[in-house]
Amino acid sequence: MRLHTVGERETITYRWLWRECSWCEKPAKFRLSYLLPNARSNPASSGYGGDNISWCEDHEEFACKEHERTKKHSVDSYKWCSSFPLKRYQYMGFYRKEIEA
């Protein structure tokens, strides 16, 4: 790896991809958000002290239509908070990955 010089330009190329279900690798249809227990009174949670914490998240998973219903309960020590349909919130389903030029 070489050092850059002043005024040098660098081009980085990304590929935009769609999220997959965390359990079966099908294309995701929902984003599931999870919070720590007692999120409003837990300083370690992103929902700490909040009034409307439905948009907060401490952990997220993506699910296809069949796993959205079965995985709402809890993941590890997190509790389910919200499900967002990616058809309506498409920006949540995309992510970018750097590719070699």
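Numbering-wise (this note's numbering), the sequence shown opens with residue 640 and increments by one. A virtual CB, placed ideally from N, CA and C, is assigned to each residue, including glycine.
Counting along the chain, where does the alpha helix (DSSP H) carrying His706 start and finish?
Run containing His706: Lys704 to Thr709, per the alpha helix (DSSP H) assignment.
Using only alpha-carbon positions, find the residue among Asn677, Glu737 and Pro666 that is nearest to Gln729.
With distances taken between Cα atoms, Gln729 lies closest to Pro666.
Check whether the stretch 680-696 and the stretch 649-665 touch, using three or more Cβ-Cβ pairs below 8 Å as the test.
The answer is no - the stretch 649-665 does not touch the stretch 680-696, with fewer than three Cβ pairs under 8 Å.
Between which two residues does the beta strand (DSSP E) harbouring Ile738 extend?
Start and end: Phe733 to Ile738.
Could you check which residue in Glu700, Arg654 and Val714 has the C-alpha nearest to that of Glu737?
It is Arg654 whose Cα lies nearest to the Cα of Glu737.
Quick one: what's got a C-beta closer than 6 Å to Ala702's C-beta in the same chain, skipping five residues either side?
Once the five neighbours on either side are set aside, the close Cβ partners of Ala702 are Cys660, Phe669, Leu671 and Lys710.
So the beta strand (DSSP E) Tyr653 belongs to, where does it begin and stop?
Counting along the chain, the beta strand (DSSP E) containing Tyr653 begins and ends at Thr652 to Trp657.
Spatial neighbours of Asp697 within its chain, please: CB distance less than 7 Å, with the 5 preceding and 5 following residues excluded, ordered by chain position.
Closer than 7 Å at the Cβ level, and outside the excluded window around Asp697, lie Tyr673, Leu674, Leu675, Ser684, Ser685 and Tyr717.
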